[in-house]
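Mature numbering (1 follows the signal peptide of the UniProt record, and there is no 0) puts the sequence shown at residues -21 to -1, 1 to 509. The beta-carbon is built from N, C-alpha and C at its ideal position, and this holds for glycine as well. All values derive from a computational prediction rather than experimental measurement.
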Amino acid sequence: MASISETFLLFFSIILTLSRAMHSASVVEDLNNLKPPPDFNTTIRNNCVHNPSLRYCNSSDLNEIFKSTIVASHLCNESRNPNCVETFPKIDLRSRPKIAPLYLSFSFFWKYCPLSILSIDLSNNSMKGSFPIDVLQCTQIQALDLSHNELTGDVPIHSFSPLTNLTLLNLSYNYFSESTMSDAEFFKRFNASSFIHSGLLPNKKKFTIKAIILLVGFPIFVILMVGCFGWLCFVRPDFLPRVFRRKNKFTPSMLKAATDGFSRENLVGKGEGVDMYRGVLRDGTQVRIEIYRDDISRESQRRFEEECKVLVQLSHENIVQVLGSCSRRKLRAIVTEWMEGENVEIWLSRSAPSWKHRLKILMGVVKGMCYLHEEWPEVGYDLRTSSVLLSDNLEPLISRFKVGDQSSSTRKIQKFGVFLLEILVSSRLSDESKSGEVGFLDHIRKHYPGNLREVIDERMKMTENSFDQAKQLIRLGLMCTDQSSSHHPHLSQIADIITRAYESWNVLASPTHKRSPGDRGKGHKRIQSR
């Protein structure tokens, strides 16, 4: 035992000096350099024979056991116990902020915590970090005080289960995380004063505020979310993913946003009861929007909606694609794809198109008419040159429709006849005709067939073949518009005539077309308009 006492005196002087300097790393290093005396193993074995419950009895690490006895001897004296040779009843390091963290770092000491220790007081040391869980290895203690520190995080409540003798616990004035409802039994075990301002107990004031926020705020949040979602669904569905949108449906707000508030800059045309705008949808699609602002009855509104359901199903290369509609009693709209090209009327007056291009226009219009006649006979259409649009590659597009149109097929044929004649004759004749469509047709009949050079558009450079084709088509146009006749060409007959004219011109215009000697020069002879 003398050798142990001498070693202790040596370590006592080391730790006293180093603890004042707060060099805990040096203290640990000096502890590691200490070696147990030769008779230490015998002493430990004898102690375990007398008291097998000692914690180090099941360990074979003599160096750790030796270091723990050295620390225990010093800590007993630091805790001001009256007789450390006989007993070590308490660890009292309250208000010792310089050395308390040092002793807590000696995990080997807490591993072999002396069984005589019944009280641990580490209060008022401004210790930071998590709960010092090593102290709970002293399972025999009756009192533990960690109050007035700055400890944070969770308290290992389940680790208190082995401490059956613990009756006094003080964790007050720390910053622990709030406990859960499952820890209620732990708090019943100790007095409420053990947890004053510890952060563990739910703050009643905060709990009340949270409850109010939850009970009042959550319903308000739900109402706002439902209102916001409803606003998006019924006012601006274009902000929603496509799966939540109503297909082919537009709202006034969507149209207003697309046209920059129906600005004058985006107004491209006006008619009787209709304004036509150019717009850009939220996804960047350019559209043409026809706005009808007349106030209508509910029955008329219902019919309009049914018409639009049909129009969005139209799909043909010579028919403008209808993207959707907006149906309100005071604002109705039809949204179609935007075409950069002009309409046929402007095209005829500005560009002096060739015979080939005019045939192409007629061919495309007839194709569109056949599609509507066969697939959608209930859909009427407007064939005025002002309402047939042109795509970038000069494909004609029928753009004005009327679902449930009661016009007979005869009336549709008559409209096509007028359209055909407007394609072929001089725009000057159309402008000069003071009696409208009737005067326009009468003037052409007056010059047919002997003096067609007076009515055919003089800007066309026509060969003998193209003049013969034009003469044949003018005859077809007059037959279509002859109201005195009970027999008009059928649409299939019109399609055959236009198709043959278009295909024969393509053959004649082909560079590989070979003419017989008798035909030489026939297809190239120019026909003067005057």
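In this structure, VAL134 and LEU179 form a Cβ contact; the two beta carbons are roughly 6 Å apart against a cut-off of 8 Å.
Look at SER306 here: in three-state DSSP terms it is strand. A straight line joining the alpha-carbon of LEU33 with that of ALA190 spans about 51 Å. Secondary structure at ALA122: strand, using DSSP grouped into helix, strand and coil. When the five nearest sequence neighbours on each side are left out, the beta carbons in the same chain lying within less than 6 Å of the beta carbon of ASP217 are those of MET233 and ARG261, in order along the chain. Runs of the beta strand (DSSP E) spanning 3 or more residues and lying entirely within the region 261 to 338 occur at 265 to 271, 301 to 306 and 311 to 316, in chain order. Ranking THR442, VAL417, GLU437 and GLY456 by CA distance to the CA of TYR427 puts GLY456 first.
Here the alpha carbons of PRO198 and TYR350 stand approximately 55 Å from one another.
Inter-residue distance for ASP436 and LYS450 is about 12 Å (C-alpha atoms, whole angstroms). Three or more beta-carbon pairs separated by less than 8 Å are not found between the region 116 to 130 and the region 36 to 49, which leaves the two stretches without contact. Listed in chain order, the non-local C-beta contacts of ILE96 below 8 Å within the same chain comprise PHE67, PRO68, LYS69, ILE70, CYS117, GLN119 and ILE120, local neighbours out to five positions each way being set aside. Residue pairing by DSSP places ASP254 opposite LYS249 and ILE270 in a beta bridge. Taking ASP371 as the centre and dropping the five residues before and after it, the same chain places the C-beta of GLU319 and GLY320 closer than 7 Å to its C-beta, in chain order. In this structure, SER387 is the residue among LEU341, SER387 and LYS335 with its C-alpha nearest to the C-alpha of VAL358.
Here the alpha carbons of THR143 and LYS167 stand approximately 14 Å from one another. Nearest C-alpha to PHE395 among TYR91, GLY347, ASP9 and ASN322: GLY347. Taking TRP326 as reference, the option from THR364, LYS339, TRP317 and SER294 with the minimal CA-CA separation is THR364.
Annotated as proximal: LEU123 and LEU147, with beta-carbon spacing under 9 Å.
Taking all protein chains in view, the Cβ of ASN12 is surrounded by fewer than 16 other Cβ atoms within 10 Å, so the residue is classified as exposed. Remark: C-beta atoms of TYR82 and GLU65 do not approach each other more closely than 9 Å. Within the model, the alpha-carbon separation for GLN280 versus CYS287 is close to 11 Å.
A straight-line Cα-Cα distance of about 45 Å links VAL344 and PHE208. Within the same chain, PHE229, VAL266, ILE268, LEU302 and GLY303 come within 6 Å of VAL314 by CB-CB distance, once the 5 residues on both sides are set aside. In this structure, DSSP gives ILE435 an extended state, which the three-state scheme calls strand.
MET441 carries a strand assignment under DSSP once its states are collapsed to helix, strand and coil.
For HIS176 against SER151, the beta-carbon gap comes to about 6 Å, under 8 Å, which counts as contact. Within 10 angstroms of the beta-carbon of GLN462 lie fewer than 16 other beta-carbons, which makes it exposed. Distances from the alpha-carbon of GLY132 to those of LEU145, PRO141, ASN149 and ILE112 put ILE112 closest. For GLY132, the enclosing beta strand (DSSP E) starts and ends at 129 to 132.
The region 51 to 99 contains, as complete beta strand (DSSP E) runs of 3+ residues, the segments 69 to 71 (chain order).
Between LEU115 and ALA79, the alpha-carbon positions lie close to 16 Å from each other. In this chain, the beta strand (DSSP E) harbouring LYS381 covers 380 to 382.
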